[in-house]
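Engineer: The working numbering numbers the first residue of the sequence shown as 1 and each following residue consecutively.
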Amino acid sequence: MNISSISAIIGNYPFSLPNLPYAYDALEPYIDEETMHLHHDKHYATYIKNLNIALEPYPDLQQLSLEEILKMKNNLPPEARTAILNNGGGVYNHTLFFQGLAPMSEDVHRPEGNLLTAIETCFGSFYNFKNEFNQLAAGVFGSGWTALASDSGGNLSIQNLGNQDTLLGTDLEVVFLFDVWEHAYYLKYKNVRMDYLKNLWEIIKLK
Ligand code: MN3
């Protein structure tokens with residue numbers, strides 16, 4: 001998705017929980033309705049609530065967009081930096097993730113045009129790309145995310161992000177990302193992360 005539209009989805013401080021752009025059961029059978037309720041209504045909502053709490057004492061930061069706040073990194077107030085980066089990163093990553101999914105029935109899950117060309121240039125084929133992506137995502141130790149990233153020249157790379165890290169402040173932009181925290185899949189897939197990863201390709205938006 002277009003990153004600049006994040007503010008249009010969550011607003012500015014106090015940030016608000018957006019509705020999912022599809023029904024809770026719309027991603028069945030790949031992601032179950034119960035997981036979507038837990039993930040959106042509890043996990044995502046908690047990141048938003050705790051980000052607002054962390055920003056409460058800082059009127060100057062409240063004037064900024066979420067991207068501007070996260071890009072400050074080490075310039076954030078030391079006593080609030082961890083809370084702001086963890087919860088702000090959680091809000092940012094989950095906004096990209098939920099907006100980046102769509103029901104299987106929508107014709108948006110196979111890359112075409114510039115994205116397909118870039119994938120074939122950088123990874124050989126879409127098939128190879130998916131395998132490489134799944135292997136890297138399976139290797140995220142603990143909690144985190146796996147992203148397809150693009151540099152300013154359009155070169156693609158696969159990036160693992162620990163916990164709620166983001167690519168903000170680097171020269172890379174997220175094309176899409178997979179949530180590989182256990183809360184994203186454990187109810188349905190238990191410890192078999194690879195089955196979840198393979199199924200995500202049926203509902204990730206690639207155009
Ligand atoms: Mn999550």
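Quick reminder that beta carbons are idealized off the backbone N, C-alpha and C, glycines included.
Could you tell me if the beta carbon of A138 falls within a distance shorter than 7 Å of some heavy atom in the ligand MN3?
Structural biologist: Counting from one through the sequence shown, the residue named residue 138 turns up at place 138. Incorrect: A138 has no Cβ contact closer than 7 Å to the ligand MN3.
Engineer: Out of curiosity, what's the CA-to-CA distance linking N87 and I31?
Structural biologist: Locating residue 87 in the sequence shown gives position 87, counting from the first residue. Locating residue 31 in the sequence shown gives position 31, counting from the first residue. Using only the alpha carbons, I get a separation of about 24 Å.
Engineer: Would you mind working out which of Y185, A184, P103 sits nearest Y22, comparing C-alpha positions?
Structural biologist: Reading the sequence shown from its first residue, position 22 is the one you call residue 22. Comparing Cα positions, the closest option is P103.
Engineer: Once the 5 residues before and after H43 are set aside, which same chain residues still bring their CB inside 6 Å of it?
Structural biologist: One-based indexing of the sequence shown puts residue 43 at position 43. So the qualifying residues of the chain are H183.
Engineer: Taking only three categories from DSSP, how would you classify I158?
Structural biologist: By one-based count along the sequence shown, residue 158 stands at place 158. Three-state DSSP puts I158 in a strand.
Engineer: For L115 and F126, what's the separation of their Cα atoms in angstroms?
Structural biologist: If you number the sequence shown from 1, residue 115 lands on position 115. If you number the sequence shown from 1, residue 126 lands on position 126. Rounded to the nearest angstrom, the two C-alpha atoms are 10 Å apart.
Engineer: If we call anything under 8 Å between Cβ atoms a contact, is H40 one with F133?
Structural biologist: For the purposes of this step, residue 40 is identified with residue 40 of the sequence shown, where counting begins at 1. For the purposes of this step, residue 133 is identified with residue 133 of the sequence shown, where counting begins at 1. It is not a contact, given that the beta carbons lie outside the stated cut-off.
Engineer: Within a Cβ cutoff of 7 Å, which residues of the same chain sit near M1, ignoring the five residues on either side of it in sequence?
Structural biologist: For the purposes of this step, residue 1 is identified with residue 1 of the sequence shown, where counting begins at 1. Legend: pLDDT at M1 = 49, less than 50; position of this residue unreliable, value from coordinates given subsequently. Contacts found: L96, Q99, G100.
Engineer: Could you give the C-beta distance for S150 and E120, rounded to a whole number, given that I count them as a contact under 8 Å?
Structural biologist: Counting from 1 along the sequence shown, the entry for residue 150 is found at position 150. Counting from 1 along the sequence shown, the entry for residue 120 is found at position 120. Actually they do not touch by this definition, with Cβ atoms about 14 Å apart.
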